[in-house]
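Colleague: My structure is below; once you've seen it, I'll send some questions.
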Amino acid sequence: DGGITQSPKYLFRKEGQNVTLSCEQNLNHDAMYWYRQDPGQGLRLIYYSQIVNDFQKGDIAEGYSVSREKKESFPLTVTSAQKNPTAFYLCASKQGFTEAFFGQGTRLTVV
Amino acid sequence: QKEVEQDPGPLSVPEGAIVSLNCTYSNSAFQYFMWYRQYSRKGPELLMYTYSSGNKEDGRFTAQVDKSSKYISLFIRDSQPSDSATYLCAMSGGSNYKLTFGKGTLLTVNP
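Residue numbers (our numbering), protein chains in the order written: chain A, 32 to 142; chain B, 250 to 360.
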């Protein structure tokens with residue numbers, strides 16, 4: 032089955048801790064995206080990558096970092112510099128101007 | 250002015266009603282338009298994808314694009330309680346493959 036897999040589904044972070052969210056796709060898509068979703072805010076773009084070994088900041092990149100060493104993988108690290116990390120994180124992929132497909136999300140909570 | 254405007258609702262309708270969901274946009278470079286449905290705590294799933302002005306129909310769903318007015322719509326016929334979800338419009342075009350989303354409209358279909 033082709034698709035996007037995000038893990039874990041739920042993640043808890045202590046203050047001052049870095050955590051990494053996983054996103055893997057087997058759709059052979061070039062482009063991958065990370066979005067953050069807060070109640071009433073819609074989807075806000077954190078980072079995106081249009082090709083391996085290249086990525087660009089989105090609208091709310093501060094406190095986050097990414098890497099794109101393989102076509103199928105685009106992990107997101109939420110660093111201690113992100114002061115309000117509690118949110119629902121969504122990963123997506125697409126090819127060119129075609130439609131995007133999403134994973135099922137990771138819910139991150141600061142404890 | 251935001252690039253994509255979408256009325257957040259909430260919208261509440263009786264079962265069997267025709268639902269109309271709308272987005273307006275300001276970026277003339279947008280050429281590709283999508284509607285997603287998102288159930289609570291799940292990733293968005295693609296409902297409709299279109300890249301031309303006019304109507305596209307798929308079962309009970311019709312997507313309409315009017316590029317001259319920069320206006321897109323999603324119509325749901327014979328709405329069902331299972332249609333209760335948040336509906337997100339998304340669009341892309343121009344020099345990169347970035348997707349821009351509306352904030353989403355929360356729809357409730359009452360039995």
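Every residue gets a Cβ at the ideal spot worked out from N, C-alpha and C, and that includes glycine.
With DSSP collapsed to three states, give me the class of residue 69 (chain A).
Modeller: Residue state, collapsed to three classes: strand.
Colleague: Roughly how far, in whole angstroms, is the beta-carbon of residue 328 (chain B) from the beta-carbon of residue 268 (chain B), given that I think they are within contact range, below 8 angstroms?
Modeller: About 5 angstroms; that satisfies the 8 angstroms criterion.
Colleague: Interface residues of chain B around residue 76 (chain A) at Cβ under 9 angstroms?
Modeller: Simply 347, 348, 349, 350.
Colleague: Quick one: any contact between the stretch 32-42 of chain A and the stretch 120-137 of chain A, if contact means 3 or more CB pairs under 8 angstroms?
Modeller: Yes, since at least three Cβ pairs between the stretch 32-42 of chain A and the stretch 120-137 of chain A fall closer than 8 angstroms, the two stretches touch.
Colleague: In the stretch 315-350 of chain B, which residue ranges form an unbroken beta strand (DSSP E) of at least 3 residues, counting only runs that do not cross its ends?
Modeller: If we require 3 residues or more, the beta strand (DSSP E) runs fully inside the stretch 315-350 of chain B come out as 320-325, 334-342, 345-350.
Colleague: Return the CA-CA distance between residue 97 (chain A) and residue 105 (chain A), expressed in angstroms with no decimal places.
Modeller: Approximately 7 angstroms between the Cα atoms of the pair.
Colleague: Which chain D residues are close to residue 283 (chain B), counting only those with a beta carbon under 8 angstroms from its beta carbon?
Modeller: Absent here is chain D; the protein component of the structure consists of chains A and B.
Colleague: Taking the straight line between their C-alpha atoms, what separation do you get for residue 277 (chain B) and residue 315 (chain B)?
Modeller: Cα-Cα distance, rounded: 12 angstroms.
Colleague: Quick check: the stretch 318-325 of chain B against the stretch 106-120 of chain A, are at least 3 beta-carbon pairs closer than 8 angstroms?
Modeller: These segments do not touch.
Colleague: Between the Cα of residue 271 (chain B) and those of B:347, B:304, B:313, spot the shortest distance and give me the residue it belongs to.
Modeller: Per the Cα distances, B:313.
Colleague: Could you check whether the Cβ of residue 62 (chain A) sits closer than 8 angstroms to any Cβ belonging to chain B?
Modeller: Yes, its Cβ sits closer than 8 angstroms to a Cβ of chain B.
Colleague: Measuring straight from C-alpha to C-alpha, what distance separates residue 283 (chain B) and residue 109 (chain A)?
Modeller: Each residue's alpha carbon lies about 29 angstroms from the other.
Colleague: What residues in its chain sit with their C-beta under 7 angstroms from that of residue 281 (chain B), if we drop five residues either side in the sequence?
Modeller: If we look at residue 281 (chain B) and ignore the five residues flanking it on each side, its Cβ neighbours are 300, 340, 341, 342.
Colleague: Give the DSSP-derived three-state secondary structure of residue 289 (chain B) in the structure shown.
Modeller: Residue state, collapsed to three classes: coil.
Colleague: Between residue 113 (chain A) and chain B, is there a C-beta pair that is closer than 8 angstroms?
Modeller: By this cut-off, residue 113 (chain A) is not an interface position.
Colleague: Counting along the chain, where does the beta strand (DSSP E) carrying residue 125 (chain A) start and finish?
Modeller: Per DSSP, residue 125 (chain A) belongs to the beta strand (DSSP E) from 118-125.
Colleague: Anything in chain A within Cβ reach of residue 292 (chain B), meaning under 7 angstroms, just list it in chain order.
Modeller: By Cβ distance, chain A contributes 121, 133, 134, 135, 136.
Colleague: Is the Cβ-Cβ distance between residue 348 (chain B) and residue 335 (chain B) less than 8 angstroms?
Modeller: Cβ distance not < 8 angstroms, so residue 348 (chain B) and residue 335 (chain B) don't count as in contact.
Colleague: Using 8 angstroms as the threshold, is the C-beta distance between residue 49 (chain A) and residue 124 (chain A) below it?
Modeller: No. Outside cutoff.
Colleague: According to DSSP, is residue 294 (chain B) helix, strand or coil?
Modeller: Here residue 294 (chain B) sits in strand by DSSP.
Colleague: Short check: CB of residue 62 (chain A) to CB of residue 78 (chain A), under 8 angstroms?
Modeller: Against a cut-off of 8 angstroms, the Cβ pair of residue 78 (chain A) and residue 62 (chain A) comes out as no contact.
Colleague: Going by Cα to Cα distance, which pick from A:141, A:47, A:102, A:121 is closest to residue 58 (chain A)?
Modeller: Closest option to residue 58 (chain A), Cα to Cα, is A:102.
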